[in-house]
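Take the position in the sequence shown, starting the count at 1, then add 273; the result is the number in the working numbering. All C-beta atoms, glycine included, are put in the ideal place defined by N, C-alpha and C. All values derive from a computational prediction rather than experimental measurement. Read through the structure below, which is laid out as structure tokens, and then see the notes.
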Amino acid sequence: MNEKLNAVKAELEKELAAVENAADLENIRVAYLGKKGSITELLKGMKDLSVEEKKDFGQKVNILKGEATDKIAEKMQELKQKEIEKEINSMPEFDLSVPANLERGSYHPVTLVQRECERIFKSMGFNVEDYSEVVTDYECFEALNIPKHHPARDMQDTYYLENGQLLKSHTSAAQNAIYKKYKDDLINEGKPIKAIFPGRCFRNEATDACHENTFFQMEGVMVDKDISISNLIFFMKSMLSEVFKRDVKVRLRPGFFPFVEPGFELDISCAICGGEGCPSCKHSGWLELCPCGMIHPEVLKAGGIDPEEYTGFAFGLGLTRLVMMKYGVKDIRDLNGGSLKALSQFTDDE
Ligand code: DAH
């Protein structure tokens, strides 16, 4: 019996050394360890042995069985690895110098206009701030004088996360953090707070040519002693004249936003008809562009700034809207559609 066992062992080793692919190895496994395999047969052949012999021989067969199982698994691993390497080596080599057969992308028109606005505001001494898209209810509403259950929240239904945070519905959500970041410089060193913060905003909207669930705004704030509405008008006018490359007329109409007092809608004279009146401006000669106002005392307080001593203005420029006006985009959904054909028209601007 022992001779038989040694013969099986030697034979298996020989076969394992010679095997070259996984399919053949599987056949070997069946031939030795399968129901009718030679190692299984050895165990079956023990029935004629004495109890002592059974014990001794049974142990040896079991050791062989264990070794065979391990060796076959190891070999399988080795063969699979070789097969992967073979496949990799047979792949054609990449020539990185071959030009890709793809259309080239371009800067998104929102990026172009955002950069242009950033450049203009930087030149007027504003910091450009980046702010998270996920914010707290406090940042988005409470700190902006919009308590829970305030009707102003209805216009800004957005997407809520399970942890109670939300996707910001307007860039104003960064105001509180900006005041807290710069208030010490304002109070201790007399440095005015001048910051803009462009960003992606989200609202739970039914989409159509004028409404999207994802759009861009650019918020701006300036806080110092004696800031007035004239400062607001000056900065807005300078910025818009640069963007539109002509002197734009602006006008303010009253508008309600809980975080400013007084609040305004800022209109610009229609770029298409020059203020004469045309279908684009509904024959009024004016286009609504940018809500703004004097920062509400409660909002300054929430940011750690004393409203008795400091005042400021804030504006929420609709970047997406500005892009649509500047480039004559008629359907807002084209801007998020990702179609190279639609977007590549703007490549030449930069
Ligand atoms: N956050 C407002 C909105 O998205 C827009 C806005 C209005 C921003 C007035 C301002 C402001 O900074 O002063 O509807």
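- prompt: Which value, in whole angstroms, describes the spacing of the CA atoms of residue 281 and residue 294?
  reply: For residue 281 and residue 294, the distance between alpha carbons rounds to 21 Å.
message: Can you give me the C-alpha to C-alpha distance between residue 485 and residue 460, rounded to a whole angstrom?
response: Cα to Cα, residue 485 sits roughly 40 Å from residue 460.
query: Beta-carbon separation of residue 538 and residue 561 under 8 Å?
result: Annotated as proximal: residue 538 and residue 561, with beta-carbon spacing under 8 Å.
- prompt: When the Cα atoms are used, what is the spatial distance from residue 621 to residue 380?
  reply: Note on residue 621: pLDDT 49, under 50, position unreliable in the model; no value is reported.
query: Comparing alpha-carbon positions, which option in 278, 524, 497 lies nearest residue 312?
result: Out of 278, 524, 497, 278 has the C-alpha closest to the C-alpha of residue 312.
Buried or exposed by the 16-neighbour rule on C-beta atoms within 10 Å, applied to residue 467: Counting Cβ neighbours within 10 Å, residue 467 comes out buried, since at least 16 surround it.
message: Taking contact to mean 3 or more Cβ pairs, one atom from each stretch, closer than 8 Å, check whether the segment 431-443 and the segment 384-399 are in contact.
response: Contact between the segment 431-443 and the segment 384-399 is absent, because fewer than three Cβ pairs lie under 8 Å.
Beta-carbon separation (whole angstroms), residue 536 vs residue 444, contact threshold 8 Å: Approximately 16 Å separates the beta-carbon atoms of residue 536 and residue 444; this is outside 8 Å, ruling out the contact.
query: What are the uninterrupted segments assigned as alpha helix (DSSP H) that are 4 or more residues long and contained completely in the segment 420-479, given in chain order?
result: For the segment 420-479, whole alpha helix (DSSP H) runs of length 4 or above, ordered along the chain, are 448-462.
task: Determine the DSSP secondary structure at residue 611, reduced to helix, strand or coil.
output: The answer is coil: DSSP assigns residue 611 none of H, G, I, E or B.
- prompt: Considering only the beta carbon of each residue, do residue 526 and residue 540 sit closer than 8 Å?
  reply: For residue 526 and residue 540, yes; Cβs fall inside 8 Å.
task: Excluding the 5 residues preceding and the 5 following residue 623 in the sequence, name in chain order all residues of the same chain whose CB lies nearer than 7 Å to its CB.
output: Confidence at residue 623 is low in this model, with a pLDDT of 43, below 50, so its placement is unreliable and no value can be given for it.
- prompt: Given a threshold of 16 other Cβ atoms within 10 Å of its Cβ, counted over all protein chains shown, does residue 455 qualify as buried or as exposed?
  reply: So residue 455 counts as buried.
- request: Take residue 488 as the anchor and find which of 324, 351, 610 has the nearest alpha-carbon.
  value: Nearest C-alpha to residue 488: 610.
Where residue 544 falls: helix, strand or coil (DSSP): The answer is coil: DSSP assigns residue 544 none of H, G, I, E or B.
- request: Please name the residue in 616, 580, 563, 337 whose C-alpha comes closest to that of residue 594.
  value: When each option's Cα is compared against that of residue 594, the closest is 563.
field: Strand pairing of residue 490, partner residues [DSSP]
entry: The partner list for residue 490 (beta bridge, DSSP) reads 472, 591.
query: In the structure shown, what three-state DSSP assignment does residue 623 receive?
result: Only weak support is given to the placement of residue 623: the predicted model assigns it a pLDDT of 43, under 50, and the value that follows is read from those uncertain coordinates. Note: residue 623 maps to coil in three-state DSSP.
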